[in-house]
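Listed in order, the protein sequences are those of chains A and B. Residue 6 in numbering that gives the first Met the number 0 sits at position 7 of the first sequence, with consecutive numbering throughout. Residue 225 in numbering that gives the first Met the number 0 sits at position 226 of the second sequence, with consecutive numbering throughout. See below for the structure under consideration.
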Amino acid sequence: MTIEQISVFLENKPGRLAEITKIIGDAGVDLRAMSLADTADFGVLRLMVDNPEKTRELLQGAGCVVSVTQVLAVRIADKPGSLAGVLAVLADAGISVEYAYASITRDRENAYVIFRVDDNDRALRAFGGRGITTASAKELFNGG
Amino acid sequence: MGYYQVEMECAERETMRELQSKRLAENVAHVYKNVPHYKKKMDDRGVTPSDIKSVEDLCKLPFLTKDDLKDAYPYGYLAVPLSEAVRIQSTSGTTGKRVVAFYTQGDIGLWDDCCARAIMAAGGGKDDVVHVCYGYGLFTGGPGLNGGSHKVGSLTLPMSSGNTERQIQFMTDLEATILCCTPSYAAFLAESIIEQGHRGQIKLKAGIFGAEAWSEEMRRDIEARLGIKAYDIYGLTEISGPGVSFECAEQTGMHVNEDHFIPEIIDPETGEVLPDGERGELVLTCITKKAFPLLRYRTRDICVLSRKPCSCGRTLVKMSRLMGRTDDMLIIRGVNVFPSQIETVLLSCGFQPNYQIVVDRVRHTDTFEVRVELTSEMFSDTVKDISTKENELVSAMRAMLGISPKVTLVAPRSIARSEGKAVRVVDKRKI
Numbered sequence: 000m001t002i003e004q005i006s007v008f009l010e011n012k013p014g015r016l017a018e019i020t021k022i023i024g025d026a027g028v029d030l031r032a033m034s035l036a037d038t039a040d041f042g043v044l045r046l047m048v049d050n051p052e053k054t055r056e057l058l059q060g061a062g063c064v065v066s067v068t069q070v071l072a073v074r075i076a077d078k079p080g081s082l083a084g085v086l087a088v089l090a091d092a093g094i095s096v097e098y099a100y101a102s103i104t105r106d107r108e109n110a111y112v113i114f115r116v117d118d119n120d121r122a123l124r125a126f127g128g129r130g131i132t133t134a135s136a137k138e139l140f141n142g143g
Numbered sequence: 000m001g002y003y004q005v006e007m008e009c010a011e012r013e014t015m016r017e018l019q020s021k022r023l024a025e026n027v028a029h030v031y032k033n034v035p036h037y038k039k040k041m042d043d044r045g046v047t048p049s050d051i052k053s054v055e056d057l058c059k060l061p062f063l064t065k066d067d068l069k070d071a072y073p074y075g076y077l078a079v080p081l082s083e084a085v086r087i088q089s090t091s092g093t094t095g096k097r098v099v100a101f102y103t104q105g106d107i108g109l110w111d112d113c114c115a116r117a118i119m120a121a122g123g124g125k126d127d128v129v130h131v132c133y134g135y136g137l138f139t140g141g142p143g144l145n146g147g148s149h150k151v152g153s154l155t156l157p158m159s160s161g162n163t164e165r166q167i168q169f170m171t172d173l174e175a176t177i178l179c180c181t182p183s184y185a186a187f188l189a190e191s192i193i194e195q196g197h198r199g200q201i202k203l204k205a206g207i208f209g210a211e212a213w214s215e216e217m218r219r220d221i222e223a224r225l226g227i228k229a230y231d232i233y234g235l236t237e238i239s240g241p242g243v244s245f246e247c248a249e250q251t252g253m254h255v256n257e258d259h260f261i262p263e264i265i266d267p268e269t270g271e272v273l274p275d276g277e278r279g280e281l282v283l284t285c286i287t288k289k290a291f292p293l294l295r296y297r298t299r300d301i302c303v304l305s306r307k308p309c310s311c312g313r314t315l316v317k318m319s320r321l322m323g324r325t326d327d328m329l330i331i332r333g334v335n336v337f338p339s340q341i342e343t344v345l346l347s348c349g350f351q352p353n354y355q356i357v358v359d360r361v362r363h364t365d366t367f368e369v370r371v372e373l374t375s376e377m378f379s380d381t382v383k384d385i386s387t388k389e390n391e392l393v394s395a396m397r398a399m400l401g402i403s404p405k406v407t408l409v410a411p412r413s414i415a416r417s418e419g420k421a422v423r424v425v426d427k428r429k430i
């Protein structure tokens, strides 16, 4: 399954990231993972939050450009070599990874890695055949 | 689409010429008698009021420029006693030279008439709800369209500028049918209306947008987004305000209210009057206003006049949309750049025309940056996609202008707007 990620355009100005995280923090939105991509003059902030719809509304209301993207939260065993195994499956299936980042977790056994790939359906089929599972939003935020 | 004053709007050419000649001669005598600054200019050229008998004699009169008005600020060009003047309006002073214009009761009446013609040409009538979100106050936009709307008998919403939430609420609650504002504010409102999901509740059928130069692409974009027909309107505080000229349903230029204002096109370098169809600087002469009747005022706006018959039936001469200003042309690294070219490229690449050109000079070389407001449609979660769009924009600008700007994407609504007019050019060069 896929889950929703919030992406926010960040102008390269001091304090923008602080402003945005304050807005969602003040609203009681729970943040499970984030990544920040940056170029010389702008950045893209990606967030995994427990309430994507509310977060989108809050940030749009504050004048931000926001988009919602379907991404994969892949559950991997918390031991050496697991991530390489997942990437090998994607590579074998010819699926490109646009970006990936790790999520914090309260589960001692497993870790979660957020993947943005060029074809979610094909990635899910490839994972299914190799016993790799993806997490729902509920699982990511409440634990399995 | 109706006429407000059909006898003027559709007058025979000869009748109009006779009327213009008579009014011109009267106003030249009035100005000569009451404005010492202009009397001196005429005397210096050896022209007297008796030399001005008809429109053909107009070219004998000296030009007026914004500098002339600045030198005589504030009362130098007031042509009536204070007891007859009832109102002032003023320019924003963005070019550093504030102009204060005066009006008698009669001047306001004829200005309102001009705006009423514009509203009726856009399909307005007694049953319409006219939403005016031009600024009110010293800016002429709000008072002009407000007065015109009253004359037509439309229900007028004197919204003034700003507070977009409230604008949209009144527009939907009162079912406004005609929107009057700057084109950049119209584009911004359209964006907000669609973003907030109010597109279905909008009852607008037409928009009258002026006070800013805009492109045909921008017109089509606003029309599609709001489901309206968008009409251009032109005017300037020095001459009266909006309504000097206005567009009809043909949308091929703006009819000049020639019974009040005589237009000429001149070569901005030599001052020579150019024939109809040639591109040059627009010069306007007020022939009915009494308090501030400028003669041969150089607008610095570049356009073309056309007397091609119009399908709307009006015989008033048409001026093209503004093609730039004699003074907004930027020369960057020796290349001529008009902001309207940037606007055209932005729209063709899928961006909104919310931009700002920043020019500076670093170590004797011009820097050229175009700041563009990002929209939801153009945003992506991957840097690669955004960079691709940025690069396409740079290539398209290079193709259009011959030089490459640095394109910087900025947050929506982060570019400064004053009175709804976006600040398009920031030139930091000290030359």
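Here a beta-carbon is modelled for each residue, glycine too, at the ideal position from N, C-alpha and C.
With a threshold of 9 Å between beta-carbons, can residue 97 of chain A be considered close to chain B, or not? yes
For residue 431 of chain B, is the classification buried or exposed, using 16 other Cβ atoms within 10 angstroms of its Cβ as the cut-off for buried? Outside the displayed span of chain B (0 to 430) sits residue 431 of chain B, for which this structure offers no information.
According to DSSP, residue 157 of chain B sits in a beta bridge with which residue or residues? B:131
Listing by chain order, which chain B residues have their CB less than 8 Å from the CB of residue 40 of chain A? 407, 408
Below 8 Å on the Cβ atoms is my guess for residue 393 of chain B versus residue 236 of chain B; work out the distance and round it to an integer in Å. At roughly 37 Å, the Cβ-Cβ gap does not stay under 8 Å, so residue 393 of chain B and residue 236 of chain B are not in contact.
Residue 84 of chain B to residue 101 of chain B, Cα distance in whole Å? 6 Å
Going by other Cβ atoms of all chains shown within 10 Å of its Cβ, with 16 needed for buried, is residue 140 of chain B buried or exposed? buried
Which runs of the alpha helix (DSSP H) at least 4 residues long sit entirely within the segment 181 to 246 of chain B? Give them in chain order. 182 to 194, 215 to 225
Burial state of residue 312 of chain B, where buried means 16 or more other Cβ atoms lie within 10 Å: exposed
Write down the C-beta distance between residue 68 of chain A and residue 380 of chain B rounded to the nearest angstrom, noting that I regard them as a contact closer than 8 Å. 4 Å
Are there three or more Cβ pairs, one per stretch, closer than 8 Å when the segment 44 to 52 of chain A is compared with the segment 81 to 90 of chain A? no
For residue 490 of chain B, would you say it is in contact with chain A, using Cβ-to-Cβ distances shorter than 9 Å as the test? Residue 490 of chain B is absent from the structure shown; chain B starts at 0 and stops at 430.
According to DSSP, is residue 405 of chain B helix, strand or coil? strand
Can you tell me whether residue 295 of chain B is buried or exposed, with buried defined as 16 or more other CB within 10 angstroms of its CB? buried
Can you tell me the Cα-Cα spacing of residue 168 of chain B and residue 200 of chain B, whole angstroms? 10 Å
Using alpha carbons as the reference points, say which of A:62, A:71, A:32, A:77 lies closest to residue 412 of chain B. A:62
Residue 279 of chain B to residue 399 of chain B span [Cα, whole Å]: 22 Å
Report all residues from its chain with a CB closer than 6 Å to the CB of residue 3 of chain A; omit the five preceding and five following residues, and keep chain order. 51, 67
Pairwise C-alpha distance: residue 73 of chain A and residue 94 of chain B: Any answer about residue 94 of chain B is weak, because its pLDDT of 47 lies below 50 and its placement is not dependable; what the coordinates show is given next. Going from the Cα of residue 94 of chain B to the Cα of residue 73 of chain A covers about 59 Å.
According to DSSP, is residue 138 of chain B helix, strand or coil? coil
Flag this pair as yes or no: are the beta carbons of residue 209 of chain B and residue 241 of chain B separated by less than 9 Å? yes
Check the Cβ of residue 115 of chain A against every Cβ in chain B and list those closer than 8 Å, keeping chain order. 380, 381
Answer with buried or exposed for residue 268 of chain B, where buried requires no fewer than 16 other C-beta atoms within 10 angstroms of its C-beta. exposed
With DSSP as the reference, label residue 358 of chain B as helix, strand or coil. strand
Against residue 373 of chain B, what residues of chain A qualify as contacts under a CB-to-CB distance less than 7 Å, listed in chain order? 8, 64
Run of the alpha helix (DSSP H) containing residue 19 of chain A, from where it starts to where it stops: 15 to 25
Provide the residue(s) that pair with residue 262 of chain B in DSSP beta bridges, ordered along the chain. B:283
Relative to the C-alpha of residue 92 of chain A, which candidate in A:100, A:101, A:120, A:80 has its C-alpha closest? A:120
Would you decide whether residue 90 of chain B is buried or exposed? Buried here means 16 or more other CB atoms lie within 10 Å of its CB. buried
Going by C-alpha distance, which of B:357, B:54, B:60 is nearest residue 31 of chain B? B:60
Quick one: list the residues of chain A neighbouring residue 386 of chain B, beta-carbon separation under 8 Å, in chain order. 38
Determine, for residue 45 of chain A, whether the minimum Cβ-Cβ distance to residues of chain B falls below 9 Å. yes
Using the rule of at least 16 other Cβ atoms within 10 Å of the residue's Cβ for burial, across every protein chain shown, is residue 355 of chain B buried or exposed? buried
I want to verify the contact list: residues of chain B whose CB lies under 7 Å from the CB of residue 144 of chain A, in sequence order. What is shown of chain A runs 0 to 143, which leaves residue 144 of chain A out entirely.
Residue 74 of chain A - containing beta strand (DSSP E), residue span: 65 to 76
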